[in-house]
Structures are given as C-alpha cells and as structure tokens.
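**Student:** Got a structure for you, questions after.
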Amino acid sequence: MPVFIGLDLGTTGVKSTLFDHEGKIDAYAYEEYDLESSREGFFELNPCVLSRAVTSVLRRSLKEAPRPAEAVCVTSFGETVFLTDARGKPLCNGLIYIDRRGTAEAEELERVFGFDTIADTTGVKPHAMYSLAKLLWLAKHEKKMVERVRRIFFVADFIAFQLGSDHITDYSLAARSMALNIRKKCWWKEMLDAAGLKETLFPALAETGTVTGRVNAAAAAETGLKQGIPIVIGGHDQISNALGAGVLQKGNAANGLGTVDCVTPAFQLPPSLVSLAKNNYCAVPYVSQDLCVTYAFNITGGAVLKWYRDTFAKDLHATPVPFGSAYKALAEAMPDTPTGLLCLPHFAGSGTPDMDIHSKGVVVGLSLNTTRSELYKGFLEGLAYEAMYNLESLRGCGVEVDELRTVGGGARSWEWLQIRADVFGKPVIQMGVEEAGTLGCAIMAGKAAGVYSSYDEGVNAAVKIARVFEPNRKKHGFYKEQYERFKRLYAIEKTL
Amino acid sequence: MKYIGIDLGTSSVKLLLLTAEGRVLSSVSRDYPILYPKDGWTEQHPADWISAVRTGLRELIANEKKSDIAGIATGGQMHGLVALDNDEKVIRPAILWNDGRTQKQTDWLNNEIGKKTLAELTGNIAFAGFTLPKLLWMRENEPRLFEKISAVMLPKDYITYCLCGEIVTDYSDASGTLLLDVEDKSWSEQMCSLAGLDRNKLPRLYESYEVVGTIKTDIAEEFGLPKQVKIIAGAGDNAAAAVGTGTVGNGSCNISLGTSGTVFISSDEYVKVDNNAIHSFAHANGRFHLLGCMLSAASCNKWWIEEILNVQDYNRELSLDRGKLGKNDVLFAPYLSGERCPHNDTAVRGAFFGLSHTTSRADMNLAILEGVAFGLRDALEIARHAGIHPAITTLCGGGAKSSLWREIIANVMNLPVQTVETEEGPAYGAALLAAVGCGEYENVAAACKTVVKKTDTIDPTESLGGRYEEKYHLYGRLYPAIKDIHFL
Chain A
3 MPVFIGLDLG TTGVKSTLFD HEGKIDAYAY EEYDLESSRE GFFELNPCVL SRAVTSVLRR
63 SLKEAPRPAE AVCVTSFGET VFLTDARGKP LCNGLIYIDR RGTAEAEELE RVFGFDTIAD
123 TTGVKPHAMY SLAKLLWLAK HEKKMVERVR RIFFVADFIA FQLGSDHITD YSLAARSMAL
183 NIRKKCWWKE MLDAAGLKET LFPALAETGT VTGRVNAAAA AETGLKQGIP IVIGGHDQIS
243 NALGAGVLQK GNAANGLGTV DCVTPAFQLP PSLVSLAKNN YCAVPYVSQD LCVTYAFNIT
303 GGAVLKWYRD TFAKDLHATP VPFGSAYKAL AEAMPDTPTG LLCLPHFAGS GTPDMDIHSK
363 GVVVGLSLNT TRSELYKGFL EGLAYEAMYN LESLRGCGVE VDELRTVGGG ARSWEWLQIR
423 ADVFGKPVIQ MGVEEAGTLG CAIMAGKAAG VYSSYDEGVN AAVKIARVFE PNRKKHGFYK
483 EQYERFKRLY AIEKTL
Chain B
26 MKYIGIDLGT SSVKLLLLTA EGRVLSSVSR DYPILYPKDG WTEQHPADWI SAVRTGLREL
86 IANEKKSDIA GIATGGQMHG LVALDNDEKV IRPAILWNDG RTQKQTDWLN NEIGKKTLAE
146 LTGNIAFAGF TLPKLLWMRE NEPRLFEKIS AVMLPKDYIT YCLCGEIVTD YSDASGTLLL
206 DVEDKSWSEQ MCSLAGLDRN KLPRLYESYE VVGTIKTDIA EEFGLPKQVK IIAGAGDNAA
266 AAVGTGTVGN GSCNISLGTS GTVFISSDEY VKVDNNAIHS FAHANGRFHL LGCMLSAASC
326 NKWWIEEILN VQDYNRELSL DRGKLGKNDV LFAPYLSGER CPHNDTAVRG AFFGLSHTTS
386 RADMNLAILE GVAFGLRDAL EIARHAGIHP AITTLCGGGA KSSLWREIIA NVMNLPVQTV
446 ETEEGPAYGA ALLAAVGCGE YENVAAACKT VVKKTDTIDP TESLGGRYEE KYHLYGRLYP
506 AIKDIHFL
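Chains as they are written, first to last, in the working numbering: chain A, 3 to 498; chain B, 26 to 513.
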C-alpha cells in the first residue's frame with residue numbers, strides 16, 4: 003500500500019504527516035518555531051530555522067512510519083518570499099504578511115496601476131501583505147542585498163528546492179504575490195517592471211500538484227526520504243486544506259475552525275474580480291483547472307473561545323487540548339434553545355469583508371438569568387453569525403456556498419456545528435479528517451505518483467465524512483431574525 | 026425610652042429595638058416566601074408577614090425590659106397592593122412591587138391617559154411596579170374581587186393596621202401609588218375615579234413621624250407591652266432608610282448599593298423633574314425627595330461573580346490594581362433586568378462593549394463596578410438638571426463594603442462619599458421615626474443629627490474624576506445603541 007508524505011509549513015510551525023492511500027495516518031511530527039521581530043511592526047521568519055525544522059519533522063515522522071513514503075508534497079503559508087543567491091542560499095529573512103513594511107509601496111503600486119486593474123489582473127487588492135509590496139520595500143531599503151539576489155522563492159518551493167526540486171512554484175502561491183496574471187496564468191510583466199524585478203528571478207509556474215523534481219541524495223541523507231521519489235508542489239496551505247476537506251466542485255466550501263474561522267469556497271473565475279476585491283476577497287487558482295477559491299475569514303475564530311475559557315472557566319480544569327474538557331463541560335451545560343444573546347466576535351478587529359482593525363468585541367442581551375454556559379453558547383452563535391455575514395457578502399459578489407465541509411479543532415464540537423447549521427440554514431458537514439492540510443498534500447502526491455487517476459478518485463478514497471448536521475427549521479427561523487440584529491450590532495459598534 | 030422599628034422587606038422582615046440615643050439593643054429577622062403564581066408574577070400572603078412579625082417581635086423583646094418601650098413604626102417594601110373587604114379581611118394575596126403583570130395597564134396609563142396628565146395630577150408617571158396599575162389589573166381580571174374592595178393599603182400599612190386597627194398610610198409610601206398628588210399631599214380625586222375606586226377606600230394620610238394610634242389591647246397583652254405604646258405611621262423603605270443614614274435636609278444625598286441601586290436626594294421643596302425620569306416623592310421628614318432607582322446594582326456584581334465566574338470569593342475578584350481605574354477599555358451596561366431610571370425600559374438588557382484578546386478577567390470585574398456607578402450617575406445627573414446639587418453623599422448597602430467600589434463611585438459621581446457607622450437599613454430609620462413621634466426628638470432632622478455618625482470620607486481626585494468623566498460620556502451612548510439593536 004503506497005504511502006505519501008504531506009509537509010505543511012505554517013507561520014508558527016511545520017508538520018509532516020504520512021498517509022496511506024485511504025487517508026489513514028501512518029506517522030506524524032510537528033515542530034514549532036518563533037518569528038523574529040527586531041522592531042515593532044517587523045515580523046520575519048529565518049529560512050534556516052525553517053529548514054532545520056523541516057529536516058527534523060521529516061526525520062522524526064519517517065522514523066516512526068512503518069513504511070517508506072513514495073512521494074512528498076509541500077504546502078505553505080503564502081505571501082512571504084525568500085531571496086537567495088543562484089544556489090538557493092538565503093540572503094535575508096522572509097517578511098511575514100503581518101509585517102507592516104510595504105504599506106507605502108502598495109499605495110504606490112495602486113497609484114501606478116489603479117485598484118481595479120490590480121484586482122482584476124491578480125485576484126488580490128493592492129495591499130502591503132503581498133510579496134510585491136515587500137519586495138519593493140526591500141529594493142528601496144536593502145538595495146545592495148537585493149542586487150545580489152538571483153532567485154526569489156515562495157515558502158513551499160523554497161523547501162522543495164532544497165529537497166531537490168527545480169525552481170518552480172504553483173499558481174496559488176504565485177497568486178499571493180500580487181504579480182500573477184491569474185487569467186493568463188503567467189507573471190504580470192508590467193507589475194514586475196514597476197518593481198524593477200526581472201522575471202527570470204521568479205520561479206517557473208505550474209499547476210498545483212505538479213511534480214517539480216526528485217529528492218536528491220543530499221536531502222535523502224539528511225531527512226531520511228527515499229532518494230528519487232517525486233517532489234510535488236502543494237501550493238498555498240488553504241488550497242491543500244480545501245482539497246483535504248474534499249472540496250472539488252463549485253459551491254463546495256471548506257471551513258477551517260481553528261484559531262481563525264476560515265471559509266474557502268470554490269467558484270468559477272467571474273468576469274470581474276473588482277467587487278470581490280472591494281470586499282477584501284481574493285481569488286486564488288484551485289487544483290481543478292477551471293475553479294478558483296477565496297478566503298472568507300474571521301481572525302477571532304476559536305481564539306475567542308480560548309479567551310473565554312481561560313478568562314472565565316479556569317475552574318473547569320482547562321487542558322491545553324483544543325476542545326478538551328473545559329470546552330466540553332461548557333458545551334454540555336448549554337441550553338438547547340437559542341440564547342437571544344448577540345456576541346460580536348471582533349476580539350482582534352474584524353476579518354473579511356470589512357477588515358476593520360478598530361472593531362471591538364461586544365455582548366448584548368445579558369440578564370440576571372444568563373449563565374456561564376449560555377454566554378459561551380452566545381459566543382458560538384456570534385461566530386456563526388459572523389461566518390453567515392461572510393456567506394451573505396460572498397453571495398453579493400456572486401459566490402454561492404451550498405455545502406460547508408468543516409475541519410480543524412473546532413470541528414470536533416458537535417454542538418458548535420449544529421449551531422452553525424441552524425444559523426446558516428444549510429447542512430454542515432463534519433469531516434472525519436484529522437489533518438486536512440497535509441491530507442490534501444498526500445492526495446496531490448498520490449495523483450502525481452499515479453495512484454489516483456484524478457482528484458475525485460483521491461478524495462473518494464481518502465476523505466471521509468464523519469457526520470452531517472442538518473439545520474433545525476424552527477431554530478433557523480429564530481436565528482434569521484437574530485442575524486438581522488447582529489448586523490446592526492457591528493454598525494453600532496463602529497459608531498461608539 | 027425604647028423604640029421598635031420594623032422593616033417589612035421583600036424576602037424577610039427585620040425588627041430592631043433602639044434606645045433613645047440611637048443604640049441598637051437587639052435585632053432579629055424572619056423570612057417568608059415569595060409566591061410566583063405565573064412567570065413574572067410575585068405575590069405574598071399578608072398572613073405570612075404577620076406571623077413573621079409576631080415571632081420576630083417576641084424574640085426581639087424576649088430579654089428586654091418591656092415597660093420602657095414607647096413606640097413602634099414600620100417601614101418596608103413600597104407599591105404593593107393589599108386589599109381588604111368589608112369585614113376587613115384580606116381579599117387576595119398582596120401583589121408585590123416587582124410583579125410584572127401590569128405592563129398593559131402601565132402602557133395604557135402612560136399612553137392613553139398620557140404622561141403629561143399623570144404628571145400634572147400626581148407628580149409622577151406610571152411604572153409597572155406602582156399600585157394603581159395593579160388595581161387596574163384587578164378590575165380587569167378579577168372584577169368580582171375588585172368589587173369587594175372596601176380598603177386599599179400598602180404592605181407596611183397592613184402591619185400598622187394589625188397593630189392598632191387603623192387604616193392609614195404615610196406620604197412617602199403613598200407617593201408610589203400614583204394616586205397621590207405629591208406636591209399637594211392629598212389623594213387625587215381624578216386618579217381615584219380613573220381607578221374606579223372611591224376615595225374613602227384609600228387610607229388616611231399622615232406624616233411618617235406622626236402617631237396614628239395606640240397598640241391594640243390584645244396585642245399589648247400578648248407581648249407584655251405597655252398598653253400606651255404608640256404606633257407611628259412609618260415610611261416606605263427608601264425614605265425610612267434615608268432617615269437611618271441621615272439623608273434629610275436640602276440636597277442631602279444617599280446612594281444605596283443593594284440588589285437594586287437607588288440615589289436618594291432630599292429636598293425641602295417639591296421638585297419637578299423633566300420627563301419624570303426619576304421619582305419625585307414625599308419624604309419621611311415632612312418634606313420631599315428625589316429617587317432614582319436602577320433595577321440591578323449589586324446584583325450585577327453578584328451575578329457576574331457567582332453565575333459567570335462561578336466563584337464565591339468576592340474579595341479575590343475585587344482586589345484589583347487601582348492603577349487600572351479610569352483606564353478600562355471595557356464598558357458594561359448594567360441593564361440585567363431592564364432599567365427603571367432613567368430609561369424606564371423593561372425590555373433592555375445588559376451588555377459589554379470594547380472587548381479584545383487583551384481583555385483580562387480583572388478588566389471585566391472592574392467594568393461591572395464601573396457600569397453600575399455610571400448607572401447611578403445617570404440618576405444624579407437628572408437631579409442636577411432639576412437644580413438639586415448634592416455636595417456629598419453617603420453610600421450604604423452591600424456594595425458599600427467594597428472600598429474599591431466606594432472609590433469608583435466617588436470619582437464617577439464627582440462627590441465625596443461617606444459611609445455611616447451603623448447601617449441597619451429601613452428598620453433603623455423606622456425606629457427613629459417612632460422616637461420622633463413619641464417626642465424624643467423635636468423633628469426628624471434633630472434625631473438624625475444626634476444619632477447618625479458618618480465615617481470614611483473618600484474624596485474624588487481631579488485626574489481620576491476627569492478620566493471617569495470621559496468614560497461616562499461614552500457610557501451615555503450605550504443605551505441608545507443597545508435599544509437600536511433590539512427594536513428593529
């Protein structure tokens with residue numbers, strides 16, 4: 003039975019998971035690292051720290067695995083680039099998307115090209131988080147270093163290159179640069195020119211899931227990977243996550259319930275991307291050629307539940323396990339009926355579509371009868387309303403979501419999923435998937451290795467549905483009314 | 026001589042024996058049940074009050090020399106409806122001040138009769154808790170019982186009636202019926218006809234410190250009390266408590282941080298209040314007072330600590346860093362059971378604003394204390410607007426025990442805050458009224474001056490007061506915002 007390895011490079015750590023072709027986990031390893039922040043507003047990842055962590059998790063997971071892996075697929079967070087010499091040796095740290103450098107440069111590019119042209123060509127709105135703005139900042143402030151740059155990598159293809167791959171990235175990571183023409187699927191020459199960067203510095207482009215090389219002898223010796231096995235580019239982590247959740251068709255959406263609550267729906271590239279961009283929704287090419295996805299998210303996802311638990315429910319023997327005992331105790335004591343509370347989960351500002359960094363959390367509807375578990379339920383409902391707000395905004399931009407496939411720590415809570423189904427008025431699917439991101443990689447690797455003839459076959463074989471939560475019509479009726487009030491809540495919060 | 030003060034509370038009666046110098050010799054309290062016949066309804070059996078008073082009184086004076094007991098006065102829960110028939114028997118259980126069945130009647134009074142007319146006739150507008158809406162409810166829903174009414178009185182007056190056989194009330198308690206013309210200190214004929222009630226079915230009116238009768242012989246014998254023990258009219262609980270904290274004289278102020286919160290401001294003259302946002306009532310000293318009432322005060326804190334934090338250790342939760350005062354980003358709207366003053370809105374509910382990941386448990390705890398203080402400030406502002414400017418206030422009730430809360434209130438109100446040495450609530454004030462009635466003191470003010478000792482003054486500071494001034498303005502925007510969300 004063939005085994006594939008998924009390598010997921012995040013901003014806080016890296017994980018390596020080995021899956022068999024039915025999606026069963028053979029081995030798993032995780033290692034955390036810290037970002038570097040030498041000054042306020044600076045957030046960097048040292049590529050050497052990343053490389054060491056990758057070597058470590060590969061070694062550990064492969065050692066634990068009963069069978070060797072037949073292919074390796076790498077996925078990563080986006081936007082960050084590593085600048086190297088011709089041999090791939092890093093010349094500086096990579097700037098993370100939350101780093102504030104590049105703000106003036108993004109504005110400058112917007113002035114040159116215009117909001118609409120950038121949005122419609124690249125699928126993203128002009129913003130400091132994207133690679134081009136950062137590169138332009140570096141070109142201005144680190145001129146000497148930038149002159150020595152021979153290759154520009156995104157995170158996943160940097161690691162792939164170190165394992166033995168060619169200098170190739172996929173369309174989804176390239177789309178996080180603000181320099182990909184997502185309609186023609188080529189680098190946008192005018193944008194590169196404006197940044198003063200030659201196209202030859204950038205990786206070649208390929209479909210997500212393409213074999214970009216073979217593991218070389220040095221990497222094999224260092225990591226324990228079999229020499230010569232294919233290296234597959236898994237693209238942006240949200241893409242592999244969506245594939246791992248079984249998203250294949252238009253209208254399907256993956257819903258990752260982690261610290262962040264992120265809905266990733268698949269849709270056909272619309273004639274204009276401007277209205278999406280104006281609502282802070284990007285467009286990113288998906289694994290299926292004719293589809294793209296967008297990321298609708300609330301930064302205060304499970305994070306607010308953790309805050310609630312740590313601030314008010316210390317007595318419930320809080321464990322570090324997400325949705326462990328304290329959450330369970332709170333959830334079990336929740337009333338069955340909707341609470342009537344309205345909680346605005348903007349504990350770190352809001353996510354899409356408003357991206358309002360000044361918005362704050364609000365709770366209204368408290369009475370002397372409100373219990374701790376009821377208030378907890380109020381927050382679960384508030385998170386569902388906020389997600390509903392995104393679904394509604396997406397619909398306004400022509401993106402319909404008819405099926406939510408839920409993964410991540412929060413997906414373990416039956417109570418939360420039922421609330422979400424009741425609020426959305428749509429079925430919410432709990433996936434029987436532990437590590438959707440690396441599973442998506444394993445499916446790509448499996449397809450690249452020829453074990454699956456298509457993504458459909460891979461998803462059918464490896465992605466399991468655990469349970470479907472159907473909406474309760476009566477509760478949905480109540481929640482629909484509450485949701486109208488919830489929208490007022492944000493409008494009012496803004497005025498305070 | 027000695028005097029007995031009785032406080033007929035909502036869940037228990039407290040009795041207290043006082044020397045002429047204001048020393049408390051003994052005190053007892055006895056519980057009785059609240060009946061909840063339907064959701065939101067609250068009633069009590071007057072017979073339960075009487076049996077609690079009986080056993081309490083026996084215990085109170087068991088070890089005391091009874092021959093020098095000279096007078097008894099009762100204070101207690103206001104607004105409740107006690108109705109007697111021709112045989113002077115109780116017709117139905119008393120409907121209490123916090124009963125919620127009369128919204129329809131209250132709306133009818135405020136909207137159909139009109140707040141303006143009500144204010145002209147009585148000096149106040151209708152609140153669901155007041156006595157008149159209860160009478161209207163009874164007329165509508167229990168017409169046969171309503172027909173049998175021969176006398177109406179307030180809860181504490183039923184104790185007086187049982188002690189001396191007189192059907193009387195005092196001006197302070199009568200102020201909360203919506204049948205009294207407060208400024209004129211007489212029952213309003215027009216309001217009586219509105220209620221469909223003969224004026225002669227209402228109790229005779231007295232000043233709180235006036236003698237209304239002498240103890241019934243059989244009761245005197247039963248308890249071994251002298252036959253000449255005088256029964257004094259007494260007062261509603263707020264006015265009685267105000268006497269006990271020395272809140273008499275123009276501009277004198279007391280804030281009570283109990284389950285509910287009150288701002289009580291004494292005034293020599295009747296005060297007309299814009300929109301009747303706070304009550305303008307008769308005081309127990311023969312003059313007048315303003316009363317702002319917030320429904321949830323210390324109960325907000327109790328709810329937060331016991332229900333949400335699920336702990337019992339108040340001291341630990343409230344031992345907060347004083348450097349945080351006035352710098353809290355979290356704002357709490359204390360409308361956990363709706364709000365009476367100044368919004369008169371039973372539907373509004375409590376809220377938190379300004380939450381973020383950096384919000385700590387201490388920030389939340391502090392926000393509760395501050396939110397309640399802002400709610401009290403709302404009442405004070407209305408009085409200030411009506412031209413009454415207290416220079417200092419006393420603070421009483423369970424919440425006054427927290428020095429942190431006292432400091433917050435002093436700075437939010439921008440008033441020096443004092444506490445009283447002896448805090449025994451309305452029973453203490455009632456006993457003082459009895460002493461005045463029996464001639465021990467020339468008047469209520471003289472009694473207070475001699476007896477009530479104030480301590481622990483906390484002065485507001487310029488910097489903290491200034492910070493809270495800003496926060497208070499922000500707080501003022503919360504109610505309209507919340508209201509806007511709930512009424513689509």
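Every residue gets a Cβ at the ideal spot worked out from N, C-alpha and C, and that includes glycine.
Tell me where the beta strand (DSSP E) around R83(B) begins and ends.
**Tutor:** The sequence position of residue 83(B) within the second sequence is 58, counting from 1. Counting along the chain, R83(B) falls outside any beta strand (DSSP E), though it belongs to the alpha helix (DSSP H) covering P71 to I86.
**Student:** If I follow the unbroken alpha helix (DSSP H) through Q128(B), where does it start and stop?
**Tutor:** The residue you call residue 128(B) lines up with position 103 of the second sequence. Per DSSP, Q128(B) belongs to the alpha helix (DSSP H) from Q128 to D132.
**Student:** Answer yes or no: does any C-beta atom of chain B fall closer than 8 Å to that of R311(A)?
**Tutor:** Here residue 311(A) is taken as the residue at index 309 of the first sequence, counted from 1. Not one chain B Cβ lies under 8 Å of R311(A).
**Student:** Is the CB of A463(A) under 8 Å away from at least one CB in chain B?
**Tutor:** In the first sequence, residue 463(A) corresponds to position 461, counting from 1. No - not a single Cβ of chain B is within 8 Å of the one on A463(A).
**Student:** Go through its chain and collect everything with a Cβ distance to V51(A)'s Cβ below 6 Å, but skip five positions before and after it.
**Tutor:** Within the first sequence, the letter at position 49 stands for residue 51(A). Closer than 6 Å at Cβ, skipping near neighbours: Y35.
**Student:** Let me know the secondary structure DSSP gives V461(A) once reduced to three states.
**Tutor:** If you number the first sequence from 1, residue 461(A) lands on position 459. Of the three classes helix, strand and coil, the one that applies to V461(A) here is helix, per DSSP.
**Student:** Is L182(A) helix, strand or coil when you go by DSSP?
**Tutor:** The residue given as residue 182(A) occupies position 180 in the first sequence. It is a strand residue.
**Student:** Starting from P49(A), trace the alpha helix (DSSP H) in both directions and tell me its first and last residue.
**Tutor:** On the first sequence, position 47 is the one that residue 49(A) refers to. Run containing P49(A): P49 to E66, per the alpha helix (DSSP H) assignment.
**Student:** Got a sec? Which residues, its chain only, sit under 8 Å from S53(A) by beta carbon, not counting five neighbours each side?
**Tutor:** One-based indexing of the first sequence puts residue 53(A) at position 51. Cβ neighbours of S53(A) beyond the five flanking positions: I161 and Q164.
**Student:** Inspect the beta-carbon positions of I97(B) and L188(B) and report whether they are closer than 8 Å.
**Tutor:** Taking the first residue of the second sequence as 1, we reach residue 97(B) at position 72. Taking the first residue of the second sequence as 1, we reach residue 188(B) at position 163. Taking 8 Å as the Cβ cut-off, I97(B) and L188(B) qualify as a contacting pair.
**Student:** So S369(A) contacts chain B; which residues on that side make the cut at Cβ distance below 8 Å?
**Tutor:** As a working mapping, residue 369(A) is identified with position 367 in the first sequence. Residues of chain B passing the Cβ test: L361, S362, R374 and G375.
**Student:** In terms of DSSP beta bridges, what is W189(A) paired with?
**Tutor:** Taking the first residue of the first sequence as 1, we reach residue 189(A) at position 187. DSSP lists L182(A) as partners of W189(A).
**Student:** Run down chain B in chain order and give the residues with a C-beta less than 8 Å from the C-beta of K362(A).
**Tutor:** By 1-based counting over the first sequence, the position of residue 362(A) is 360. Neighbours of K362(A) on chain B, chain order: D354, F378, G379, L380 and S381.
**Student:** Counting only Cβ pairs nearer than 9 Å, list the residues of chain A close to N369(B).
**Tutor:** Locating residue 369(B) in the second sequence gives position 344, where the first residue counts as 1. The premise fails here: N369(B) is roughly 17 Å from chain A at the closest Cβ pair, so nothing lies under 9 Å.
**Student:** Using only alpha-carbon positions, find the residue among E81(A), V289(A) and A285(A) that is nearest to A130(A).
**Tutor:** Working through the first sequence from its first residue, we reach residue 130(A) at position 128. Nearest option by C-alpha distance: E81(A).
**Student:** Rounding to the nearest angstrom, what Cα-Cα distance links D168(A) and T214(A) in this structure?
**Tutor:** Counting from 1 along the first sequence, the entry for residue 168(A) is found at position 166. Counting from 1 along the first sequence, the entry for residue 214(A) is found at position 212. Using only the alpha carbons, I get a separation of about 6 Å.
**Student:** Alpha carbon to alpha carbon, what distance is there between E432(B) and G490(B)?
**Tutor:** Along the second sequence, one-based indexing puts residue 490(B) at 465. Along the second sequence, one-based indexing puts residue 432(B) at 407. Rounded to the nearest angstrom, the two C-alpha atoms are 10 Å apart.
**Student:** Roughly how many whole angstroms lie between the Cα atoms of K181(B) and R83(B)?
**Tutor:** Here residue 181(B) refers to the residue found at position 156 of the second sequence. Here residue 83(B) refers to the residue found at position 58 of the second sequence. If I take the Cα positions, the gap works out to 19 Å.
**Student:** I'd like the ranges of any alpha helix (DSSP H) spanning at least 4 consecutive residues and lying wholly in the region 277-348 of chain B.
**Tutor:** You should have 323-327 and 339-343.
**Student:** Does the beta carbon of D64(B) come closer than 8 Å to any beta carbon on chain A?
**Tutor:** Residue numbering aside, residue 64(B) sits at position 39 when the second sequence is read from its first letter. Taking Cβ atoms only, chain A never reaches closer than 8 Å to D64(B), which makes this a no.
**Student:** Could you tell me whether the Cβ of I494(A) comes closer than 8 Å to any Cβ of chain B?
**Tutor:** Residue numbering aside, residue 494(A) sits at position 492 when the first sequence is read from its first letter. So yes, I494(A) belongs to the interface.
**Student:** With a threshold of 8 Å between beta-carbons, can A219(A) be considered close to chain B, or not?
**Tutor:** Position 217 of the first sequence, counted from the start, is the residue given in the question as residue 219(A). Chain B, which has no Cβ nearer than 8 Å to the Cβ of A219(A), makes this no.
**Student:** Hey, does T13(A) have any beta-carbon neighbour from chain B nearer than 8 Å?
**Tutor:** For the purposes of this step, residue 13(A) is taken as the residue at position 11 of the first sequence. So no, T13(A) is outside the interface.
**Student:** Tell me, which residues are paired with D56(B) by DSSP?
**Tutor:** Here residue 56(B) refers to the residue found at position 31 when the second sequence is read from its first residue. S37(B), per the DSSP bridge assignment.
**Student:** Under the rule that 16 or more other beta-carbon atoms within 10 Å means buried, what is H23(A), buried or exposed?
**Tutor:** The count along the first sequence starts at 1 and reaches residue 23(A) at position 21. Buried, because 16 or more other Cβ atoms sit within 10 Å of the Cβ of H23(A).
**Student:** DSSP beta-bridge partners for C94(A)?
**Tutor:** Within the first sequence, residue 94(A) is the residue found at index 92, counting from 1. Answer is none; C94(A) lacks a bridge partner.
**Student:** For chain A, check one thing: does any of its Cβ atoms lie closer than 8 Å to the Cβ of N514(B)?
**Tutor:** The question about residue 514(B) has no answer, for chain B in this structure spans 26 to 513.
**Student:** For the region 153-178 of chain A, which residues have a CB atom closer than 7 Å to at least one CB atom of chain B, in sequence order?
**Tutor:** Of all residues in the region 153-178 of chain A, none has a Cβ within less than 7 Å of some Cβ in chain B.
**Student:** With a cut-off of 8 Å, does the C-beta of W122(B) fall near any C-beta of chain A?
**Tutor:** Translated into positions along the second sequence, residue 122(B) becomes position 97. No, its Cβ sits nowhere closer than 8 Å to a Cβ of chain A.
**Student:** How far does the alpha helix (DSSP H) with V276(A) in it reach, from first residue to last?
**Tutor:** Residue 276(A) sits at position 274 when you count from the first residue of the first sequence. Residues V276 to K280.
**Student:** Run down chain B in chain order and give the residues with a C-beta less than 7 Å from the C-beta of T373(A).
**Tutor:** What you label residue 373(A) is simply residue 371 of the first sequence in a count that begins at 1. Correct list: E332.
**Student:** Hey, how far is the Cα of I233(A) from the Cα of K449(A)?
**Tutor:** Taking the first residue of the first sequence as position 1, residue 233(A) is located at position 231. Taking the first residue of the first sequence as position 1, residue 449(A) is located at position 447. Cα to Cα, I233(A) sits roughly 12 Å from K449(A).
**Student:** My output table needs one value for I2(A): the three-state DSSP class, helix, strand or coil.
**Tutor:** Because residue 2(A) is not part of the residues shown, which for chain A are 3 to 498, the question remains open.
**Student:** Among the candidates I231(A), V295(A), A328(A) and Y378(A), whose CA atom is the shortest distance from the CA of L368(A)?
**Tutor:** Position 366 of the first sequence holds residue 368(A). Checked all of I231(A), V295(A), A328(A) and Y378(A); the closest Cα to L368(A) is Y378(A).
**Student:** Closer than 9 Å between beta carbons: that is the criterion. Which residues of the region 471-492 of chain A meet it against chain B?
**Tutor:** Result list: E483, E486, R487, F488, R490 and L491.
**Student:** Could you tell me the boundaries of the beta strand (DSSP E) in which L230(B) lies?
**Tutor:** By 1-based counting over the second sequence, the position of residue 230(B) is 205. Unbroken beta strand (DSSP E) run through L230(B): R229 to Y231.
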